[in-house]
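Structure first, commentary second.
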């Protein structure tokens with residue numbers, strides 16, 4: 547789920563840049579539009595693990611999964627756009643002719 551969220555976010559930034567949107571505007575717009583779906587997917591999974599907290603055998607595993615998922619979601623929503631800006635700040639968006647070849 548986390549990898550998919552990161553890929554979808556980066557792909558949406560790429561699509562907006564291909565439409566001619568400036569880098570920072572594309573990153574902000576894509577991050578804003580993907581915020582709710584990514585957070586809701588993570589929250590539902592975290593809440594789905596909550597019943598395991600009362601089981602002594604699965605409690606430590608569920609805490610680890612819940613914490614890791616929460617941290618990775620924040621990382622996806624913050625670090626991925628920042629790294630995209632850093633890595634692609636001097637490059638023009640790819641043209642459609644080059645992508646099809």
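Residue numbers (my numbering): 547 to 647.
Think of the CB as a built atom: it goes at the ideal place given N, C-alpha and C, for glycine as much as any other residue.
- With a beta-carbon spacing of about 5 Å, residue 552 and residue 626 fall inside the 8 Å limit used to define contacts.
- The C-alpha of residue 578 lies about 32 Å from the C-alpha of residue 599.
- In terms of CA proximity to residue 559, 630 leads the group 548, 630 and 583.
- Take residue 604, set aside five residues on each side of it, and the residues of its chain with a beta-carbon closer than 6 Å to its own are 598, in chain order.
- In the three-state reduction of the DSSP assignment, residue 603 falls in the coil class, being assigned neither a helical nor a strand state.
- When 634, 637 and 555 are compared, the shortest CA-CA separation from residue 584 is found for 555.
- In the DSSP assignment, residue 598 falls outside any alpha helix (DSSP H), carrying neither H nor E.
- Using a Cβ distance threshold of 7 Å, residue 548 and residue 618 count as a contacting pair.
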